[in-house]
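When you read off a place in the sequence shown, starting at 1, and then add 3, the result is the number in the numbering used here. Quick reminder that beta carbons are idealized off the backbone N, C-alpha and C, glycines included.
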Amino acid sequence: MAALVLEVDDHQVGVLIPTRGGYVLFAALPAVAPIDQTRFRTVEAARSAARERLHARAGSPPTVSA
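Written out as structure tokens, the structure reads:
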């Protein structure tokens with residue numbers, strides 16, 4: 004598996020490195036730095052966490068999915 008560039012709302016927020024059982028996120032933007040080097044089970048979980056960080060940084064309330 005190759006590394007993936009993680010994009011959220013047209014922003015390249017970091018790189019996902021595949022690991023055994025998931026992915027590790029290496030943040031490229033300051034807003035996403037708090038979750039730098041966090042392990043995620045899926046790409047979608049990483050994208051969701053990064054989206055929350057971006058929206059929190061912009062002052063928007065975090066989105067809640069059902």
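Neighbourhood of residue i by C-beta distance below 6 Å, restricted to the same chain and skipping five residues each side
i   : result
L7  : L19
L32 : V16
Endpoints, beta strand (DSSP E) assigned at residue i
i   : result
Q15 : 14-22
Buried versus exposed call for residue i [16 or more other C-beta atoms within 10 Å across all chains shown]
i   : result
G17 : buried
A36 : exposed
G56 : The displayed chain sequence assigns Arg, not Gly, to residue 56. With 16 or more other Cβ atoms within 10 Å, it is buried.
A53 : buried
A5  : exposed
Q40 : exposed
Other residues of its chain near residue i: CB distance less than 8 Å, five sequence neighbours each side excluded
i   : result
A69 : With a pLDDT of 44 at A69, under the threshold of 50, the modelled position of this residue cannot be trusted; read the value that follows with caution. Excluding residues within five positions, none has a Cβ falling inside 8 Å.
Inter-residue CB distance, residue i and residue j (contact presumed, cutoff 8 Å)
i   : j   : result
F43 : A34 : Actually they are not in contact, since the Cβ atoms of F43 and A34 sit about 17 Å apart, beyond 8 Å.
Sequence-distant residues of its chain with Cβ nearer than 7 Å to residue i (five each side left out)
i   : result
V11 : R50, A53, R54, L57
**OP:** List in chain order: all unbroken alpha helix (DSSP H) runs of 4+ residues lying wholly within the segment 25-63.
**Re:** DSSP runs (the alpha helix (DSSP H)) wholly in the segment 25-63: 46-61.
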